[in-house]
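For reference, the structure is listed below as structure tokens.
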Amino acid sequence: MINRLRPYQQDIAKAVLQSIFNRQGQTFSVEIARQGGKNELSSQLELLLMTLFMFEPKNLVKCAPTFKPQLNISMMRLKDRLNEAGFTEIYHTEGGYIIRLNQARAVFLSAEPSANVVGNTAHLLLEVDEAQDVSKEKYTKEFKPMGATTNVTTILYGTTWDNASLLEEIKRQNIEKEQKDGLKRHFRYDWEEVAAHNPAYLAYALSEKDRLGENHPLFLTQYRLLPVSGGGGMFSTEQLDLLKSSHPCQIYPENGKVYVAGLDLAGEDGQIDGDLPATVNLRRDSSVLTIAELDYTFAKAPCNLPQLKLVCHYSWQGARHALLYEKLVELLGKVWKCRKVAVDATGLGQPVASFLRESLGSRILPFAFQPSSKSRLGFNLLSAVNSGRLKMYASNGSAEYALFWQEMELARADYRQSQQMNFYVETTRGHDDYLMSLALCLEAAEAYSPRSAKGSN
Numbered sequence: 005m006i007n008r009l010r011p012y013q014q015d016i017a018k019a020v021l022q023s024i025f026n027r028q029g030q031t032f033s034v035e036i037a038r039q040g041g042k043n044e045l046s047s048q049l050e051l052l053l054m055t056l057f058m059f060e061p062k063n064l065v066k067c068a069p070t071f072k073p074q075l076n077i078s079m080m081r082l083k084d085r086l087n088e089a090g091f092t093e094i095y096h097t098e099g100g101y102i103i104r105l106n107q108a109r110a111v112f113l114s115a116e117p118s119a120n121v122v123g124n125t126a127h128l129l130l131e132v133d134e135a136q137d138v139s140k141e142k143y144t145k146e147f148k149p150m151g152a153t154t155n156v157t158t159i160l161y162g163t164t165w166d167n168a169s170l171l172e173e174i175k176r177q178n179i180e181k182e183q184k185d186g187l188k189r190h191f192r193y194d195w196e197e198v199a200a201h202n203p204a205y206l207a208y209a210l211s212e213k214d215r216l217g218e219n220h221p222l223f224l225t226q227y228r229l230l231p232v233s234g235g236g237g238m239f240s241t242e243q244l245d246l247l248k249s250s251h252p253c254q255i256y257p258e259n260g261k262v263y264v265a266g267l268d269l270a271g272e273d274g275q276i277d278g279d280l281p282a283t284v285n286l287r288r289d290s291s292v293l294t295i296a297e298l299d300y301t302f303a304k305a306p307c308n309l310p311q312l313k314l315v316c317h318y319s320w321q322g323a324r325h326a327l328l329y330e331k332l333v334e335l336l337g338k339v340w341k342c343r344k345v346a347v348d349a350t351g352l353g354q355p356v357a358s359f360l361r362e363s364l365g366s367r368i369l370p371f372a373f374q375p376s377s378k379s380r381l382g383f384n385l386l387s388a389v390n391s392g393r394l395k396m397y398a399s400n401g402s403a404e405y406a407l408f409w410q411e412m413e414l415a416r417a418d419y420r421q422s423q424q425m426n427f428y429v430e431t432t433r434g435h436d437d438y439l440m441s442l443a444l445c446l447e448a449a450e451a452y453s454p455r456s457a458k459g460s461n
């Protein structure tokens, strides 16, 4: 069975099996680039152990940050391996989370903070999948003790994220131990090492590198296996340079061009927080509309994505939303004839998004800012910048041009657990209206399909 694995997988499997058979109780940390075969290694180890110990009442335990879909996928993969090995009529599923082969059992448990997992025992192996997203407290208090009476061998799989994760902590401990006794406990194979054994993976990883950019947080952590810092500036000087272009700002659209837009909505006059009267002239957010052209002459393999050329900005400070309706419908529907418009539909923006959708139909994409959706928006924005697909018009001396670049330079990104990010401008330093409008404009671009849009205005 182990011979089916690639050389780097075999190295890990041999070390793990040696620890199990010699009752060493080692704890291993394993970093393999995304889609590099981590789950196949896990299922092959599970199959081998369940086969060898099928006549003994012993458990192996596997946990992951979520039961659905992560552990469901792990269970399906183990069942596939059992079927291939001829055990179709012998193994059974119990309780929806246990796979039993005669007396040996594989127990799959969620590592979500609220999951009740206490009371299980790991005899053969304890596995922690996507360990970078598992709570240190959950692992230390509830999972690690499962192998206390059996001196169980433990494997933590995953990709890196930041220096504070469970996987990084175990990794550091393992490297320190190896320096003392020479026993290898940490295994790391980035995308280039995986690609050396799999030409198909090489093509896949290169396409992801081209799509995301080599220093995109997701490529950096999931493929290069390098941690991100907790936070800092969202864009480097090099990334800001990639945004610059020589194409001019436009007042009106050009015939035959495809345009999309992003609308970030600010509060109205009179909606100032606190006890100050609305007449106090505090510096307020603006509602910002970003118009961009989709340039398909830029599209190239393997991603075939168009270039997003910003061509115009509109901004309204303190304007009541009801007064913007008519103007927005005119600009989006009649002037620019935008194919897709992503609109901030969070809180007070929801009525505006609903009104625009009634007036302009399915071209309007309401977007609610939630931690997960905003994280995706931020990662997509970084990807577009890194790939050179996103371009800002040349200087035209306008206030909009100056404010756009001010916000890009002030933009910050915080990287959080579960591979999520937040991006913003600190309120003490400025606003993020143009930044959010830009991200929404990119969301509109990604939702537009030339094929489905044929014949639309």
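Quick note: to get the working numbering, add 4 to the position in the sequence shown (first position is 1). Every residue gets a Cβ at the ideal spot worked out from N, C-alpha and C, and that includes glycine. On a predicted model such as this, the values are computed, not experimentally measured, just so you know.
Query: Whole-angstrom C-beta distance between LEU82 and LEU51, which should lie under 8 Å; Result: 7 Å
Query: Continuous alpha helix (DSSP H) stretch holding LYS148: start and end; Result: First-last for LYS148: undefined, no H or E at that position.
Query: Alpha-carbon spacing of LEU160 relative to LEU267, whole angstroms; Result: 43 Å
Query: ALA19 - DSSP class collapsed to helix/strand/coil; Result: helix
Query: Cα-Cα separation, PRO89 to THR125; Result: A quick correction: the sequence has Ala, not Pro, at residue 89. Each residue's alpha carbon lies about 26 Å from the other.
Query: Pick from GLU44, THR154 and HIS220 that is closest to ASN63, judged by C-alpha positions; Result: THR154
Query: Close beta carbons around TYR405, own chain, < 7 Å, minus the five adjacent residues each side; Result: SER399
Query: Opening and closing residue of the alpha helix (DSSP H) in which ARG176 lies; Result: 170-185
Query: Whether MET396 touches PHE408 by CB criterion (8 Å); Result: yes
Query: Helix, strand or coil at VAL463 [DSSP, three-state]; Result: This structure does not reach residue 463, given that the chain is present from 5 up to 461, and the question cannot be answered.
Query: Closest by C-alpha distance to GLN48, when choosing among LEU385, LEU9, GLU411 and PRO252; Result: LEU9
Query: Burial state of ASN120 (16 or more Cβ within 10 Å); Result: exposed
Query: Beta-carbon proximity of PHE373 to ASP348, cut-off 8 Å; Result: yes
Query: Euclidean distance between Cα positions of GLN243 and ASN390; Result: 6 Å
Query: Whole-angstrom distance between GLN183 and GLN177, CA atom to CA atom; Result: 10 Å
Query: Limits of the alpha helix (DSSP H) - the one that ARG85 falls within; Result: 76-88
Query: Identified DSSP bridge partners for TYR428; Result: ARG416
Query: Strand pairing of PHE32, partner residues [DSSP]; Result: ILE159
Query: Simplified DSSP state of HIS190, which is helix, strand or coil; Result: strand
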